[in-house]
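Below: one structure, written as structure tokens.
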Amino acid sequence: MLRLRPIRAIALPVLLLAALPLAAQTPPGVVPADGSSAGVTAPASNDGRHTLNLKAADIAVLVQTVSEITGKSFIVDPRVEGRVTVISSKPQTPAEIYETFLSVLRVHGFAAVSAGSMIKIVPDAVAAQDGSVGNGGGGPDALVTRLIALKHVAADDVVKLLRPLAPQQATFTANPSSNSILISDRAGNVARLMELIARMDTASDAEVEVIPLRHASAAEVGRTLTALEGGAAAPGAATGAKLIADERTNSILLSGDRAGRLRLRTLIAHLDTPLDGGENTQVVYLNYARAEDIAVILESVAGTLTRQSADGDKGKAATIQAHGETNALIITAAPAVFRDLAAVIRQLDVRRAQVMVEAVIAEVTDELADELGVQWQSTNFDGERGYIGGTNFPGAGGAVGILGAMANPISALSGSGGLNMGWVGGRVEVPDGKGGTMTLFQVGALVKALRGDGRANVLSNPSVVTLDNTEAQFKVVQEVPFLTGQYTNTGTAGNQPTNPFQTVERKDVGLILTVTPHINEGDAVRLEIKQEVSALASTVAGAVDLVTNKRELSTSVLVPDGGLLVLGGLKQEETSESKQGVPGISRIPVLGHLFKSRAATRSKRNLMIFLRPIILRDAITEAAVSSEKYNFLRAEQLRMRENKELRYRGDNQPLLPALEDARPGDLFRHPPPLDPALPDEAQPRD
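Below is the structure:
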């Protein structure tokens, strides 16, 4: 430490005061003989303000000028020398001039240290050792010394963490016995370091602590600290501490030993500083959601957000744009608004579960028909006279009666199934009622017996995979044209039709499954289902166009994951019986069977629709379901290869590769074509 002799300490101010009139006498703008210029204007008004202007002036001149204006007394160390330049455009108060003086000293590596009523001007290195707890009446550039007592963290650990964050001339001294730190530095730096220490010196006995952030984004701070550690290990792994960013509360969670957490708390406190600008523009890339859909929602949310910035002004409305090519959002907003929007994005941009819906449509029919009848007819005509009579029991529509067989046996019996036996005794001419005659075959008797038994078993198993809350449709249909209108113009010559045309509407006929799944918080799925099964019907009498049989089901159900639920069904049973006979005679036992005809039909139809949803929450479940279907199809192909009766057999049959060995492009490879000129063993192989 520099020690000045008392006589020299007294003589120096005298010399400065003696030289002061010379500097004061130099008019503003007049350059002294030594090439320097100095000027201090007279008070601009009665408030005592001055305008300080120095150009390459000796630092002693600056000390003299400040002493004259502020009334302070200075002791100047011999090592304090050099030339300074100060340019002011407006008058300043004495207090403001003194703060400017301290800033000039700091720029040139000097400091002002209070010593009673005097102020010593010494180099920074000396001031750090000879400083005081006061600040000499200066501002943030004044050199100060502070003693900070710690309550929860060790002083040695804090000193190690603060040293990289402080200027080189700052000094830190840790006192383990009192767990305190002695800091000497500029007032502004000391205030910043004290704020950091206050945030670090918190109770951290628990293994996990939460650090809320006020300015920075928790996700950004977490990524920054992770990158600082090289990305290979968690931040603070070397000291046994880890961090996790909680984006919902914009907080950092720390865990580990005290030293590791303290190190991370210091870095977090240093990064959690406000931005210089009020707004910033950031690009947010989405992983699962569509940028166009999210942008519409965010615009509505941003319109309702009201945030106050640090200076109390209202923030501007956020602007949000979607970039479809990269599926990203471009957001321009104040930091506080952006954090709220980012929280909404995080909750919306999540991987949505998928649902595989398997439908089972089973239809079983059983039809039984039984018919037995005997018909008699006798005909004897001689010219226009004669007789005709007997029994006639026509079937549905009047067909297959004995009278129809007499007119044209082949045509009448061709549409009738079962056993048909009759006796033809010749031909006879009978009047036709129009003045002419018609030829009839003399069919004396006709016996018809029929027993029909029909069964059908139809099973359809459509399946479809869709995202949660997204409608999916599965179709296996034919587009059938239905006539909806026709028009024909009639010409003037001969009433011949000209320019005829028809309007046709094509409709889907087949199997259509439309489903919208909604997964709840548990293990159940709410399904909105529309199931349609349609088919073309046989020709219906009186119909002007095609007729379709249509079965449609629309419902909303709740099904457990992997559970089977019956959606609906149709159980139909029809029985009909008809009997025709001659009154009286047909009731005679045994003999009556020759004078009557009986027909009976019975039809049973069972139609059931089942449904089974499977929730695919992750890629593992999706891969398991897909591989199951894939391996089933491959097994069918292997079975075809083993069929020795096929011309294309063995390796010539298409075969999917094993799923675990499949490479890009393998799923669509086909075997090479056969060469007819080569035997089987010489055919090309894949």
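As numbered in mature numbering (1 follows the signal peptide of the UniProt record, and there is no 0), residues -24 to -1, 1 to 662 make up the sequence shown, in order.
The beta carbon of each residue, even a glycine, is placed where N, CA and C say it ideally should be.
Tell whether a beta-carbon distance below 7 Å holds between residue i and residue j.
i           : j      : result
Arg25       : Pro67  : yes
Ala192      : Ala118 : no
Asp100      : Leu238 : no
Val535      : Val501 : yes
residue 666 : Val336 : Absent from the model: residue 666. The displayed extent of the chain is -24 to 662, so no value can be given.
Gln629      : Arg617 : yes
Ile73       : Leu38  : no
Lys31       : Thr61  : yes
Ser227      : Val260 : no
Gln449      : Thr490 : yes
Leu240      : Ala217 : yes
Asn582      : Val340 : yes
Arg322      : Glu447 : no
residue 666 : Val533 : Nothing can be reported for residue 666, as the shown portion of the chain is limited to -24 through 662.
Ser156      : Ala125 : yes
Val135      : Ala150 : yes
Glu334      : Ser231 : no
Asp521      : Phe477 : no
Please state the DSSP three-state secondary structure of residue i.
i           : result
Phe571      : helix
Thr295      : strand
His246      : helix
Arg615      : helix
Arg502      : strand
Gln145      : coil
Asn256      : strand
residue 735 : Any property of residue 735 remains undetermined from this structure, which presents the chain solely from -24 to 662.
Gly11       : Unreliable placement is indicated for Gly11, whose pLDDT of 43 sits below 50; the coordinate value is still reported in the next sentence. If DSSP states are grouped into helix, strand and coil, Gly11 belongs with coil.
Asp444      : coil
Ile564      : coil
Asn525      : strand
Thr367      : coil
Ala421      : strand
Glu549      : strand
Leu632      : coil
Ile126      : In the sequence under discussion, the amino acid at residue 126 is Leu, which differs from the Ile named in the question. Three-state result, Leu126: coil.
Ile590      : strand
Arg239      : helix
Lys534      : Note on identity: in this sequence residue 534 is Leu, with Lys being the wrong assignment. Leu534 falls in the strand class under three-state DSSP.
Gly412      : coil
residue 665 : Nothing about residue 665 can be reported from this structure: the residues present for the chain run from -24 to 662 only.
Thr76       : helix
Ile63       : coil
Tyr606      : helix
Lys620      : coil
Can you tell me whether residue i is buried or exposed, with buried defined as 16 or more other CB within 10 angstroms of its CB?
i           : result
Ala33       : buried
Gly412      : exposed
Thr225      : exposed
Glu347      : buried
Ile173      : buried
Gly207      : At Gly207, the pLDDT of 47 sits below 50, so the modelled position is not reliable; the number obtained from the coordinates is stated separately. Looking at its Cβ environment, which holds fewer than 16 other Cβ atoms inside 10 Å, Gly207 is exposed.
Asp594      : exposed
residue 667 : No information on residue 667 is available, as it lies outside the stretch -24 to 662 that the chain covers here.
Ser510      : buried
Pro589      : buried
Leu587      : buried
Phe77       : buried
Phe571      : buried
Pro565      : exposed
Gly545      : exposed
Lys198      : The question names Lys, but residue 198 in the sequence shown is Gly. Classification of Gly198: buried, given that the 10 Å Cβ count is 16 or more.
Thr367      : buried
Gly349      : buried
Asp161      : buried
Val129      : buried
Thr479      : exposed
Ile596      : exposed
Does any residue of chain B bring its CB to less than 7 Å from the CB of residue i?
i      : result
Thr490 : Of the protein chains in this structure there is only one, and it is not chain B.
Where are the beta strand (DSSP E) runs, 3 residues long or more, that stay fully inside the segment 78 to 107, in chain order?
If we require 3 residues or more, the beta strand (DSSP E) runs fully inside the segment 78 to 107 come out as 86 to 91 and 94 to 99.
Could you give the uninterrupted runs of the beta strand (DSSP E) lying entirely in the segment 147 to 209, keeping only those of 3 residues or more?
Counting only runs of 3 or more, we get 147 to 151, 156 to 162 and 184 to 188.
Do three or more CB pairs link the segment 575 to 588 to the segment 316 to 325 at distances below 8 Å?
Under the Cβ criterion (8 Å, minimum of three pairs), the segment 575 to 588 does not count as touching the segment 316 to 325.
Could you say if the segment 297 to 305 and the segment 262 to 270 meet the contact criterion of at least three C-beta pairs nearer than 8 Å?
Yes: at least three Cβ pairs fall under 8 Å.
Runs of beta strand (DSSP E) wholly within the segment 290 to 350 (minimum 3 residues, chain order)
If only complete runs of 3 or more residues are kept, the segment 290 to 350 shows the beta strand (DSSP E) at 295 to 299 and 304 to 309, in order along the chain.
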